[in-house]
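J.: Protein chains in written order, with the working numbering: chain Y, 1 to 233; chain L, 1001 to 1233.
Don't be surprised by glycine CBs; every beta carbon is placed ideally from N, CA and C.
2 protein chains.
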Amino acid sequence: MSPRDSLSRTRKGERTKENILTTALELFSKDGYEETTMRAIAESAGVSVGSAYYYFPSKEHLVQAYYMRLVKEHADAARELLEKEKTLRRRIAGVLQTKMDTLEPYHRFSPAIARQGIDPESPLNPFSNESYEARTEAIALWEEVVEGARERIHKDLRKELPEMLWLCSEGIVLYSVYDRTEGRERTRQLIDDSADLLSRLIKMAGLPLIGPVRKLVLRIMKNAAPWRVGPQL
Amino acid sequence: MSPRDSLSRTRKGERTKENILTTALELFSKDGYEETTMRAIAESAGVSVGSAYYYFPSKEHLVQAYYMRLVKEHADAARELLEKEKTLRRRIAGVLQTKMDTLEPYHRFSPAIARQGIDPESPLNPFSNESYEARTEAIALWEEVVEGARERIHKDLRKELPEMLWLCSEGIVLYSVYDRTEGRERTRQLIDDSADLLSRLIKMAGLPLIGPVRKLVLRIMKNAAPWRVGPQL
DNA sequence: GTCTATAGCCCGATAGAC
DNA sequence: GTCTATCGGGCTATAGAC
Chain Y
1 MSPRDSLSRT RKGERTKENI LTTALELFSK DGYEETTMRA IAESAGVSVG
51 SAYYYFPSKE HLVQAYYMRL VKEHADAARE LLEKEKTLRR RIAGVLQTKM
101 DTLEPYHRFS PAIARQGIDP ESPLNPFSNE SYEARTEAIA LWEEVVEGAR
151 ERIHKDLRKE LPEMLWLCSE GIVLYSVYDR TEGRERTRQL IDDSADLLSR
201 LIKMAGLPLI GPVRKLVLRI MKNAAPWRVG PQL
Chain L
1001 MSPRDSLSRT RKGERTKENI LTTALELFSK DGYEETTMRA IAESAGVSVG
1051 SAYYYFPSKE HLVQAYYMRL VKEHADAARE LLEKEKTLRR RIAGVLQTKM
1101 DTLEPYHRFS PAIARQGIDP ESPLNPFSNE SYEARTEAIA LWEEVVEGAR
1151 ERIHKDLRKE LPEMLWLCSE GIVLYSVYDR TEGRERTRQL IDDSADLLSR
1201 LIKMAGLPLI GPVRKLVLRI MKNAAPWRVG PQL
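So this is what it looks like as structure tokens:
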């Protein structure tokens, strides 16, 4: 078999895989996750059930593939925004708002994603070993948020801040799952208020009276962060 | 049919139901939730599959019944503790530690509970309409925590504080699902540190410079609390 | 009217032929 | 790499026992 043949085989496989994923996402957002059967996905995509399972070992893997796609999409959108905004408050709010933009088209089945993400054994869990790469990239993004901000930040805090902001962002994403308002309006309000609050707190962290509280917060972060404590958690 | 007959019938039904639930919980914690089949539960309990489904409309309902049992158990244990402790810090920590005690025996399948609890449609979701009663009772418990504490608390904050503490407690319970340390040691550490931090912040909320931040926090709480905003969220 | 048993549907997942 | 056939398990319909 010539290299060219094997290449076009691979290409064909990728197209088939892409086709199955796209079809699945359409059906998920049209009918919901539970309601969409693997048989329906396969039929709609014009392949057999066996083929669908050849590319995606389980129905959950379809959701995972979609999620990984989103992480990259969001990083691009967020970095574009960070070029323009320089205040901490606007940078925090902006990154979170672009996250909402990215998630919006598939809000219909976000509960299915959340259900998987909450399971400690699932690769979709934001704290899992399998998510290491996605998590690192996401935290790096928050590092840029902090680095590029014009505000002065207390140096002890500066080191931990990206992970703390990432954790907050995970919380807000979780909140948005429950948000049934048009265009995630309520979550967007929460984002603006939270960015206001967070930027104030970060600036306050340098004040002399705040020392003990700051130390305590950093201590909690250090002891409790599950994604750093290794296999036992 | 005499009333006595119908009473003993009902009794028998209750015993059967209890028997099925107990058997299910044993199997869940021995083999895990996913691994335990309804057929196995029915066989172990000495009833038919149909009978099991007569008492529990779905496998998830078994988990729900167990959860409701825990809520009551915890309220009793917590109130006993509140008799003894009078400082805010110890009251917060104590209520959370008793919560851990209550959850401990079934930690093995807590991920299965979390998966259901995270789903906006599930009655187990802490913010759902079906959870209204359990939620109200849980918030009432936190109200006792605040009321019975010897510390002075700023009056604007005092009104919102029980719900805020309840929300924090939900977060800590979620954290404990991921905690694989012996006896939830890491979560218990987090609880002690969090109680320290929270009691400090609550006391600080009265300081003059903190005014704008306090107002902002209360605003966020008011706008974002999903369990109060009615059917649209 | 309260409870139990059986047979079988549906769908996620797998085995194995080609 | 794709297919068909089949399995396992959650769940249901329904017929009856008491």
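1) Given a cut-off of 8 Å on the beta-carbon distance, is the pair Y:VAL145 and Y:LEU70 in contact?
2) Please state whether the Cβ-Cβ distance between L:LEU1062 and L:LEU1021 is less than 8 Å.
3) Does any CB atom of chain Y fall closer than 8 Å to the CB of L:GLN1064?
4) Give the C-beta separation of Y:TYR106 and Y:SER29 to the nearest angstrom, bearing in mind that I take them to be a contact with Cβ-Cβ under 8 Å.
5) Roughly how many angstroms separate the alpha carbons of Y:LEU218 and Y:GLU160, rounded to a whole number?
6) Tell me whether L:PRO1126 is buried or exposed, calling it buried when 16 or more other Cβ atoms sit within 10 Å of its Cβ.
7) Could you give the residue range of the alpha helix (DSSP H) that holds L:LEU1082?
8) The alpha helix (DSSP H) spanning Y:THR194 covers which residue range?
9) Only counting the same chain, and skipping five residues up and downstream in sequence, which positions put a Cβ closer than 6 Å to that of Y:LEU165?
10) Rounding to the nearest angstrom, what Cα-Cα distance links Y:PRO162 and Y:ALA138 in this structure?
11) May I ask which residues mark the beginning and end of the alpha helix (DSSP H) holding L:PRO1120?
12) Alpha carbon to alpha carbon, what distance is there between Y:LEU174 and L:GLU1130?
13) With a threshold of 8 Å between beta-carbons, can L:GLN1189 be considered close to chain Y, or not?
14) In its own chain, which residues sit with a C-beta less than 6 Å from the C-beta of Y:ASP192, not counting the 5 before and 5 after it?
15) Flag this pair as yes or no: are the beta carbons of L:GLU949 and L:GLN1116 separated by less than 8 Å?
16) Whose C-beta lies closer than 8 Å to the C-beta of L:VAL1095 among residues of the same chain, with five residues either side of it excluded?
17) By the DSSP assignment, the alpha helix (DSSP H) with Y:ILE92 in it spans what residues?
18) Got a sec? Which residues, its chain only, sit under 7 Å from L:THR1098 by beta carbon, not counting five neighbours each side?
19) Return the first residue and the last residue of the alpha helix (DSSP H) that L:GLY1046 is part of.
20) Can you give the Cα-Cα distance for L:ALA1114 and Y:LEU167, rounded to whole angstroms?
21) If I measure Cβ to Cβ from Y:MET221 and keep anything under 8 Å in the same chain, skipping five residues before and after, which residues do I get?
22) Any beta carbon of chain Y sitting closer than 8 Å to that of L:ILE1220?
23) Using the C-alpha atoms, what's the distance from L:ASN1223 back to Y:PRO226?
24) DSSP three-state call for L:TYR1033: helix, strand or coil?
25) Measure the CB-CB distance between L:SER1176 and L:LEU1124 and report whether it falls below 8 Å.
26) Listed in chain order, which residues of the region 1150 to 1181 of chain L have Cβ atoms closer than 9 Å to some Cβ of chain Y?
27) Quick check: what's the CA-CA separation for Y:TYR33 versus Y:SER44?
28) Can you name the residues of chain L whose CB is closer than 8 Å to the CB of Y:PHE127?
29) What residue range does the alpha helix (DSSP H) around Y:GLY171 cover?
30) At the 8 Å Cβ level, is L:ILE1113 part of the contact set with chain Y, yes or no?
31) Run the CB neighbour count on L:PRO1208, radius 10 Å, all protein chains shown included, and call it buried at 16 or more, exposed below.
32) Using beta-carbon positions only, say whether L:PRO1120 and Y:PRO111 come within less than 8 Å of one another.
33) Within 10 angstroms of its Cβ, does L:SER1235 collect 16 or more other Cβ (buried), or is it exposed?
34) Within a Cβ cutoff of 8 Å, which residues of the same chain sit near Y:ARG214, ignoring the five residues on either side of it in sequence?
35) L:THR1016 and L:VAL1047 look like a contact to me (Cβ under 8 Å); what is the Cβ gap, rounded to whole Å?
36) With distances taken from CA atoms, which of L:ASP1179, L:THR1136 and L:SER1194 is nearest L:LYS1072?
T.: For this structure:
1) no
2) yes
3) no
4) 6 Å
5) 7 Å
6) buried
7) 1059 to 1084
8) Looking at the sequence shown, residue 194 of chain Y is not Thr but Ser. Residues 185 to 204.
9) TRP142
10) 9 Å
11) Careful: L:PRO1120 lies outside any alpha helix (DSSP H) and carries neither H nor E.
12) 20 Å
13) yes
14) ALA93
15) What the structure shows of chain L is the stretch from 1001 to 1233, and residue 949 of chain L is not part of that stretch, so it cannot be assessed.
16) ALA1078, LEU1081, LEU1082, LEU1141, TRP1142, VAL1145 and SER1169
17) 88 to 103
18) HIS1074, ALA1077, ALA1078 and LEU1081
19) Unbroken run through L:GLY1046: none, as it is neither H nor E.
20) 18 Å
21) GLU160, GLU163 and MET164
22) yes
23) 30 Å
24) coil
25) no
26) GLY1171, LEU1174, TYR1175, VAL1177, TYR1178, ASP1179, ARG1180 and THR1181
27) 15 Å
28) TYR1178
29) 155 to 178
30) no
31) exposed
32) yes
33) Since the displayed chain L opens at 1001 and closes at 1233, residue 1235 of chain L lies outside it and no answer follows.
34) HIS154, ASP156, LEU157 and ALA205
35) 7 Å
36) L:THR1136
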